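Protein chains in written order, with the numbering used here: chain H, 1 to 110; chain G, 1001 to 1202.
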């Protein structure tokens, strides 16, 4: 219970801190600039090197997620067959009780 | 720098921080859990192959209890964290290890009933599972990484100091022999002269 609370507090405290930093930076501009000016300023400040960094980072995330999906698909396709074959030797074969894609079941998450 | 430039800089920073947040608390966390589960699945396959070769029966408690343990670790891999480890450690210190029942003891008893080489193999699989869990705990916690680094440095220094002392001692053996002989001669001489004196008890 305490462990679960700790694992909720730490990431969300980080998210709240980021949101607070964003709020402070917006609040400092209140009444001075329009959203259009801010948008143009933000895009105008964009350097090509930064653009490549964002593309690289975003591309890496997309690549990782695609690979993860492929892994899940593969697991779903193979796990059933392996279990059936193993049951021929071990009729009382016990399972890890994960989902067919190898993920935590919703009722086990807490 | 104008206030607008300051703001766009801050916006870039916030976007970067958000990306890092998603990377650390979502993507990396999910990957680490999947990686641990994959390694444990491979270990469970090893155990199955060992039983399939006829080395141990599928209905032997030493087999199915160990398989059950690995299954539990796979199922609850998302709960294997430093915080829970710490809580468990404190709970065990407070209540004693009996609080967790005798599940592991039952497995250990079943293993002890097997021949020695089979005991060795099953204990190796059990140890490998624990090493995987410890590796998962250490790599997931900055505190554990720090503790491991300190432990590694102290172990390395300790080993190095011992080796240095040993090789230094080997170099000094002729001088040490003389020292030892002097001590033996002095002791023998002292015993000769003190024969008539009363015995001292320390």
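Ideal Cβ placement from N, Cα and C applies to all residues, glycine included.
Given the structure is predicted, the values throughout are model-derived calculations rather than measurements.
Not a single CB atom of chain H sits nearer than 7 Å to the CB of residue 1107 of chain G. Between the alpha carbons of residue 1185 of chain G and residue 1172 of chain G lies a gap of roughly 20 Å. With fewer than 16 other CB atoms across the displayed protein chains lying within 10 angstroms of its CB, residue 1191 of chain G is exposed. Distance from the CA atom of residue 60 of chain H to the CA atom of residue 54 of chain H, rounded to whole angstroms, is 10 Å.
Following the DSSP letters along the chain, one finds residue 45 of chain H in no alpha helix (DSSP H), marked with neither H nor E.
Boundaries of the alpha helix (DSSP H) around residue 1193 of chain G: 1173 to 1193. The alpha helix (DSSP H) runs of length 4 or more contained entirely in the segment 1043 to 1077 of chain G are, from start to end of the chain, 1061 to 1075.
The three-state reading of DSSP puts residue 90 of chain H in coil, since its state is none of H, G, I, E or B.
With contacts defined by Cβ atoms closer than 7 Å, residue 1007 of chain G and residue 29 of chain H form a contacting pair. Contact with chain G is found for residue 33 of chain H, since one of that chain's Cβ atoms lies less than 7 Å from the residue's Cβ. Annotation note: the segment 1080 to 1125 of chain G contains the following uninterrupted alpha helix (DSSP H) runs of length 4 or greater, listed N- to C-terminal: 1082 to 1095, 1103 to 1112.
By the rule that beta-carbons nearer than 7 Å mark a contact, residue 96 of chain H touches chain G. Rounded to whole angstroms, the separation of the alpha carbons of residue 22 of chain H and residue 1129 of chain G is 44 Å. Around the C-beta of residue 1181 of chain G, fewer than 16 other C-beta atoms lie within 10 Å, and the residue is accordingly described as exposed.
Interface annotation, residue 100 of chain H: not in contact with chain G, CB-CB separation never under 7 Å. Rounded to whole angstroms, the gap between the alpha carbons of residue 1062 of chain G and residue 1124 of chain G is 13 Å.
Below the 7 Å Cβ cutoff, chain H contributes 96, 97, 98, 108 as neighbours of residue 1075 of chain G, in chain order.
Sixteen is the threshold: when 16 or more other Cβ atoms of the shown chains lie within 10 Å of the Cβ of residue 1126 of chain G, as they do, the residue is buried.
Here the segment 99 to 106 of chain H lies against the segment 71 to 79 of chain H, with 3 or more beta-carbon pairs under 8 Å apart.
DSSP, read as helix, strand or coil, puts residue 1127 of chain G in helix.
Contact between residue 1138 of chain G and residue 1131 of chain G fails: their C-beta atoms lie close to 10 Å from each other, not under 8 Å.
When G/1016, G/1162, G/1034 are compared, the shortest CA-CA separation from residue 1074 of chain G is found for G/1034. The three-state secondary structure of residue 1140 of chain G, taken from DSSP, is coil. Burial check for residue 1081 of chain G: the Cβ neighbour count within 10 Å reaches 16 or more, so the residue is buried.
Around the C-beta of residue 96 of chain H, 16 or more other C-beta atoms lie within 10 Å, and the residue is accordingly described as buried. Here the C-alpha atom of residue 1121 of chain G lies approximately 33 Å from the C-alpha atom of residue 1157 of chain G. Closest in alpha carbon position to residue 1059 of chain G, among H/87, H/41, H/83, H/65, is H/87.
Across the structure, residue 1161 of chain G and residue 20 of chain H are spaced so that their CA atoms are roughly 51 Å apart. Taken through DSSP and simplified to helix, strand or coil, residue 1162 of chain G comes out as helix.
Rounded to the nearest whole angstrom, the CA to CA distance from residue 1017 of chain G to residue 11 of chain H is 12 Å. The C-beta distance from residue 25 of chain H to residue 1010 of chain G rounds to 4 Å, short enough to meet the 8 Å contact threshold.
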